[in-house]
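One structure is given here, and the rest of the page talks about it.
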Amino acid sequence: DQQVKQNSPSLSVQEGRISILNCDYTNSMFDYFLWYKKYPAEGPTFLISISSIKDKNEDGRFTVFLNKSAKHLSLHIVPSQPGDSAVYFCAASANAGNNRKLIWGLGTSLAVNP
Amino acid sequence: DSGVTQTPKHLITATGQRVTLRCSPRSGDLSVYWYQQSLDQGLQFLIQYYNGEERAKGNILERFSAQQFPDLHSELNLSSLELGDSALYFCASNLRGRTDTQYFGPGTRLTVL
């Protein structure tokens, strides 16, 4: 049972335009969400996060939006650059004392075309 | 460079064998996480250690085990290997053992023939 879903396996965007990556979750106990970026042959790299007490977090070209009622979050990249081409993973966690762990989506492969 | 190192980078072995993957966390980090990434499974959390003790367990098979040593490096032992164990194995670390902002190593690619 996939608790964190990234329904688009891939996305192609023109350089300079906005990239929107989506993530849906089913567990209403999740209270912290993260986005990671992964290049081939490398480990995932932390990109941006958001707590459930917020609905938006911004860091440079990257903004994450959280809609708790819809159990949906999205990552916006504006403007998109060719170097953003990578696989993006959404992850979520719930506060369960010492047993807190991240649940990951399957990833969305973003291609930014020059 | 995340500061997390993993060895070996690649490992090719046969079914039924046993292998050990090694991870050195970032300097100062107390917590180590192990993940498996198969072709179509995304990142699957296996196990977490914090300062030498097991903190959380995920979808780790009984054939797999891990430990964290006093110097905080960690080893993941995979035994009675099967073809389906072929995957990328990532190690991640962070300071306080919270799930936010884990720093990942480059991974070990295991191929079981």
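Here the protein sequences line up with chains A and B, keeping their order. Counted from 1, the first sequence has number 94 at position 94 by this note's numbering; the numbering is strictly sequential. Counted from 1, the second sequence has number 83 at position 83 by this note's numbering; the numbering is strictly sequential. Heads up, the beta-carbon is just placed ideally off N, CA and C, and yes, glycines get one too. These figures come from a predicted structure and were not determined experimentally.
Original post:
Taking the Cβ atom as the reference point for each residue, do A:L34 and A:S52 lie within a distance shorter than 8 angstroms?
Top reply: no
| query | For B:G42, which residues does DSSP report across the bridge? | reply | B:S38
Notebook entry, point to check: What residues in its chain sit with their C-beta under 7 angstroms from that of B:G107, if we drop five residues either side in the sequence?
Noted result: Q6, L88, Y89, F90
Worksheet item: If you run the structure through DSSP and keep just helix, strand and coil, what is B:L83?
Response: helix
Worksheet entry | Of the residues A:A86, A:P82, A:G107, A:S85, the one placed nearest A:A116, counting alpha carbons only | The question about residue 116 of chain A has no answer here: the residues shown for chain A are numbered 1 through 114.
Q: Report back the beta-carbon spacing between A:K37 and A:L47 to the nearest angstrom; my notes put them in contact at under 8 angstroms.
A: 5 angstroms
- What did DSSP end up calling A:D84 once you bin it into helix, strand or coil? helix
Requested in this report: Have a look at A:D24, A:Y88, A:A111 and flag the residue whose alpha-carbon is nearest the alpha-carbon of B:G116.
Outcome: Residue numbering for chain B in the displayed model covers 1 to 113; residue 116 of chain B lies beyond these limits and cannot be assessed.
Of the residues that make up the region 52-70 of chain B, which ones have a beta carbon closer than 8 angstroms to any beta carbon in chain A?
-> R55, A56, G58
- C-beta atoms of B:L21 and B:Y50 nearer than 8 angstroms: no
Residues in the region 16-47 of chain A having any Cβ partner in chain B nearer than 9 angstroms:
Y32, L34, Y36, K38, A41, E42, G43, P44, T45, F46
Amino acids of chain A, ordered along the chain, whose beta-carbon sits closer than 8 angstroms to that of B:S2 = G43, T45
Chain A within 8 angstroms of B:G84, Cβ atoms only
no
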